[in-house]
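In my numbering, the protein residues as written are 551 to 1069.
C-beta: ideal position from N, C-alpha, C; glycine also.
Read the structure below first, then the notes.
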Amino acid sequence: MTVPWPRAGDRAAGRERSRSVRTASKGTAAKSAAAKGTGAKGTGAKGTATKGTGAKGTATKGTATKGTGAKGTAGRSAAARGTARPASKGVTDAFRGRFGVRPNGVRLAVARTAAALGQWLRRPLTSLHLVLGVFGLLTLFGLVMVLSASSVEALTADGSSYSVFTRQLMFCVPGLLMFWLGLRISPRRLRSLAPAALVVGALALVAVLFVGETRNGSRAWFAIGTFSVQPSEAVKVALTLWGAHVLVARRAVMHRWKYALSPVVPVTVVLLTLLVLQPDLGMTISLGIVLVALLYFGGAPMRLILALSSGAVGGAIVLALTAEYRMSRITAFLSPESADLQQAGFQARQALYSLADGGLFGQGLGQGRAKWSYLPNAHNDFIFAIVAEELGFIGAFAVLALFATLAYTGFRIAARSVDPWLRLVVATSTTWLVTQAAINIGYVVGLLPVTGLQLPLISSGGTSLVVTMFVFGVLANAARHEPEAIAALKQHGDGHIARLLQLPPPQPYRAPVQRGRVR
551 MTVPWPRAGD RAAGRERSRS VRTASKGTAA KSAAAKGTGA KGTGAKGTAT
601 KGTGAKGTAT KGTATKGTGA KGTAGRSAAA RGTARPASKG VTDAFRGRFG
651 VRPNGVRLAV ARTAAALGQW LRRPLTSLHL VLGVFGLLTL FGLVMVLSAS
701 SVEALTADGS SYSVFTRQLM FCVPGLLMFW LGLRISPRRL RSLAPAALVV
751 GALALVAVLF VGETRNGSRA WFAIGTFSVQ PSEAVKVALT LWGAHVLVAR
801 RAVMHRWKYA LSPVVPVTVV LLTLLVLQPD LGMTISLGIV LVALLYFGGA
851 PMRLILALSS GAVGGAIVLA LTAEYRMSRI TAFLSPESAD LQQAGFQARQ
901 ALYSLADGGL FGQGLGQGRA KWSYLPNAHN DFIFAIVAEE LGFIGAFAVL
951 ALFATLAYTG FRIAARSVDP WLRLVVATST TWLVTQAAIN IGYVVGLLPV
1001 TGLQLPLISS GGTSLVVTMF VFGVLANAAR HEPEAIAALK QHGDGHIARL
1051 LQLPPPQPYR APVQRGRVR
């Protein structure tokens, strides 16, 4: 029994015939189209033509309609397959082209996230948002950890678990004011104030040697009622602003040692001498970091930087040998197994115990044991140990991620800035903050000897908090002065926060007029 072809077969035959006609050569196509007996003679009989393509001219209509997709369902589906494109096909094709495999659900999600992140990073105001985000998270995180780490010691000393936290919170008020000033002041105005700021800072370092308050063997604070101010923190900012001002003015001749050395290096040596007389090893190291960053990003010869670094290492060795407590710290670091665990090696060993107790998720916020008089300065120099103990590896990694984001953001702003002075200030400030954080974390985990440097925005310390907030304000100000950010703010206008803070619109950089030539 003969079974007639179904209609789907007709459509398939029509599509096959259409494809063969389009891909055939011109002579074959003409011969196929012009032959009179194609349906009857060429293919067999009228019955075949009737069954296969439809009788009385229906073959032509069926072929045109169903084969080419003018009105038929098959044509519409073919056109849909040719024009419709899934939303994720672009990401899928890009992933397959790069890695050579078809992405599964997880890989596709990662690819989409990476694409969205890359698109967000290309926005003109991304640098500003990153600075504000890191600043806010570090500040809030620091306040919470100061409250947790200082509660026991504050209760013992002052009768209130909140005394140290309250003092830190009160310093946030002038700190936020300084952040607003750093965000609002124009770079040109800030640069003009740099020499005066350095002079005031140097005079303060001299005065503190005579009328300063002594703590932990260092005369480095001015006592103002129940509060104290450490002028050496502000000197780091003043040296950054003034040093960038001098080096940018001499950037054309920075390859010559004479102009690279003077006057930045002699002035810094004087400031370092005043810090050694206090004595304050942590601030001395921090100021040395500022000097090296200024010279490196300012374009000084690398041989000069290496020579100065070698001299700094030699000076540090001399200082360590001339003070018994410094020598004991270095000995405890180099030979921890032979160190006196009740003296020089006590803090470092207790910090390692705290890191070990934290594990992956920590003991819980406020549940740490080291702050119960086991770890001295738990809310200050060794607050990272409390973070690791109470919040575990997850909390410690979050702190590292925030400072890594700060490093990326700072160098991103410096690379996009067209103002050479602002570029040098941002790069130096970023290096100073991130390196100080790395040194603090390094000696807490036992990779470096104890130096006394604080963890920016997290350790307890009023002057350090205020100065660091001002630096973040300058970084945010520099982010607003990126050329793309200036164009975006000019086109779309300031937002509600900018109007609330009364921030002036950023102005494009204009190079100063050259008045003379350095000889």
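Paired residues, beta bridge with residue i - DSSP
i              : result
threonine 1001 : None, per the DSSP bridge assignment.
threonine 528  : Residue numbering for the chain in the displayed model covers 551 to 1069; residue 528 lies beyond these limits and cannot be assessed.
Beta-carbon contacts of residue i that lie in its chain and below 7 Å, excluding the five residues immediately before and after
i                 : result
valine 840        : Lys786, Leu789, Thr790, Thr978, Trp982
alanine 1026      : Leu678, Val681, Leu682, Leu733
isoleucine 1036   : Pro1056, Pro1058
proline 813       : Val796
serine 575        : Confidence is the limiting factor: at serine 575 the pLDDT is only 47, short of 50, which leaves the residue's position unreliable, though a coordinate-based value still follows. Here the set comprises nothing.
valine 994        : Ala901, Phe932, Phe934, Ala935
proline 970       : Val798, Arg801
alanine 549       : The structure shown does not extend to residue 549, since the chain is modelled only from 551 through 1069, so no value can be given for it.
alanine 987       : Phe953, Leu1005, Pro1006
phenylalanine 911 : Gly942, Ile944
Under the three-state DSSP convention, the category residue i falls into
i                  : result
isoleucine 1008    : coil
alanine 801        : One detail in the question is off: residue 801 reads as arginine in this sequence, not alanine. Three-state DSSP puts arginine 801 in a helix.
tryptophan 1112    : Absent from the structure is residue 1112, since the part of the chain shown begins at 551 and ends at 1069.
serine 979         : helix
valine 779         : strand
isoleucine 774     : strand
serine 711         : coil
phenylalanine 934  : helix
threonine 618      : In this prediction, threonine 618 scores a pLDDT of 42, lower than 50, which makes its location untrustworthy; no coordinate-derived value is stated.
arginine 1049      : helix
tryptophan 730     : helix
proline 970        : helix
lysine 591         : In this prediction, lysine 591 scores a pLDDT of 40, lower than 50, which makes its location untrustworthy; the coordinate-derived value is nonetheless stated afterwards. Residue state, collapsed to three classes: helix.
proline 737        : helix
aspartate 1044     : coil
valine 995         : coil
arginine 919       : coil
asparagine 927     : coil
proline 1058       : coil
glutamine 897      : helix
leucine 743        : coil
serine 904         : helix
proline 724        : helix
serine 812         : coil
phenylalanine 1076 : Absent from the structure is residue 1076, since the part of the chain shown begins at 551 and ends at 1069.
alanine 583        : For alanine 583, the predicted structure reports a pLDDT of 42, less than 50, and the residue's modelled location is therefore unreliable. The matter cannot be settled from this model.
arginine 662       : helix
leucine 675        : coil
arginine 806       : coil
leucine 719        : helix
Neighbourhood of residue i by C-beta distance below 6 Å, restricted to the same chain and skipping five residues each side
i              : result
arginine 1060  : none
leucine 1021   : The residue asked about is misnamed: residue 1021 is valine in this sequence, not leucine. Here the set comprises Ser979.
proline 1054   : none
histidine 1031 : Pro1056
arginine 741   : His795, Trp971
Close-in-space but distant-in-sequence residues of the same chain around residue i (CB under 8 Å, 5 per side omitted)
i                 : result
tryptophan 922    : Val702
valine 820        : Ala752
leucine 687       : Leu952
phenylalanine 715 : Leu693, Val696, Leu697, Ser700, Ser701, Ala704
valine 1017       : Met728, Glu783, Ala784, Lys786, Val787
valine 761        : Phe772
alanine 873       : Pro829
Are the stretch 924-936 and the stretch 698-711 touching by the rule of at least three beta carbon pairs closer than 8 Å? Yes: the two stretches touch, three or more of their Cβ pairs being nearer than 8 Å.
On the three-pair Cβ rule with 8 Å, is the stretch 1000-1011 touching the stretch 842-850? Touching, no.
At least three beta-carbon pairs within less than 8 Å, the stretch 827-843 to the stretch 858-867: The stretch 827-843 is in contact with the stretch 858-867.
Can you confirm whether the stretch 1030-1044 touches the stretch 748-766 when touching is taken to mean that 3 or more C-beta pairs between the two stretches lie within less than 8 Å? Not touching, per the Cβ criterion.
Stretch pair the stretch 944-958 + the stretch 683-692: three plus CB contacts closer than 8 Å: The stretch 944-958 is in contact with the stretch 683-692.
Ordered list of alpha helix (DSSP H) runs contained in the stretch 815-890, each at least 4 residues: Segments of the alpha helix (DSSP H) lying fully in the stretch 815-890: 831-848, 852-872, 874-884.
Suppose only complete runs of 4+ residues qualify. What are the alpha helix (DSSP H) ranges in the stretch 1015-1044, listed by chain order? Segments of the alpha helix (DSSP H) lying fully in the stretch 1015-1044: 1033-1042.
Should the stretch 948-962 be called in touch with the stretch 768-779, which here means at least 3 C-beta pairs below 8 Å? No, the stretch 948-962 is not in contact with the stretch 768-779.
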